[in-house]
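The structure under discussion appears below in the form of structure tokens.
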Amino acid sequence: MSRRRAVFFDRDGTLMEEVEYCCDPAKVKVISGVPEAIGELKSAGYLAIIVSNQSGIGRGLFTEAQYAAVQQELLRQIGAHRIDASYFCPDAPGVPSLRRKPEPGMVLEAAAEFQIDLAASFLVGDKASDIECGRRAGTHTILVRTGYGAALERDPAFVAPDYVADDVPKAVRWLLRR
-19 MSRRRAVFFD RDGTLMEEVE YCCDPAKVKV ISGVPEAIGE LKSAGYLAII
31 VSNQSGIGRG LFTEAQYAAV QQELLRQIGA HRIDASYFCP DAPGVPSLRR
81 KPEPGMVLEA AAEFQIDLAA SFLVGDKASD IECGRRAGTH TILVRTGYGA
131 ALERDPAFVA PDYVADDVPK AVRWLLRR
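Oh and the sequence shown: position 115 is 95 in the numbering used here, straight run, nothing missing.
Structure below.
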């Protein structure tokens, strides 16, 4: 069986504008060009998978039902048919977890479920934990300057990703040219 390629996306600050501990669907605003860029990925044969830390659940700031409502609005704005799967980790920082990024658990679960070739895949995010997760999982990594990405890029302690893009559409254009 042939292995598939995928692009794993962080959610908050990457696909949608950053809203700290977003628990209100009315605050979801997909970043310009994201739906079209994911459509291009799909046309090129990539799976599009969301992997998102949602520590607000573990911290008691919002419920899984509130997370689900925000996720449904995100999918409505992107087009649910463009996203193959979504994984989230509700664990708070400091709680031992194999799924909370930078740990690669969510990516590895998706790879097993969808028969994904991680070496031919990418993880796109706006935080150091996203980039480290991609490295640990064996994917290529792309930092986007949306969300927290621009500030992170200036941190001298940050280990550089494979590529830095202004946003998801520019990241997708780059990876499709590879």
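We put the CB at the ideal spot given by N, CA and C, even for glycine.
- Task: Give the straight-line distance between the Cα atoms of P70 and S32, rounded to the nearest whole angstrom.
- Result: 9 Å
- Task: Have a look at K150, A99 and G127 and flag the residue whose alpha-carbon is nearest the alpha-carbon of E0.
- Result: G127
- Message: For the beta strand (DSSP E) containing F94, name the first residue and the last one.
- Response: First-last for F94: G85 to F94, but that is the alpha helix (DSSP H), not the beta strand (DSSP E).
- Message: Let me confirm a value: L78 is counted as buried when at least 16 other C-beta atoms fall within 10 Å, else exposed. Which label applies?
- Response: exposed
- Does DSSP put D110 in a helix, in a strand, or in coil? helix
- Query: Considering A65, what are the terminal residues of the beta strand (DSSP E) in which it resides?
  - Reply: A65 to C69
- Item | Identified DSSP bridge partners for S32 | F68
- Please go through the same chain and pick out, in chain order, the residues whose beta-carbon is closer than 6 Å to the beta-carbon of F68, but skip the five residues on each side of it. S32 and Q34
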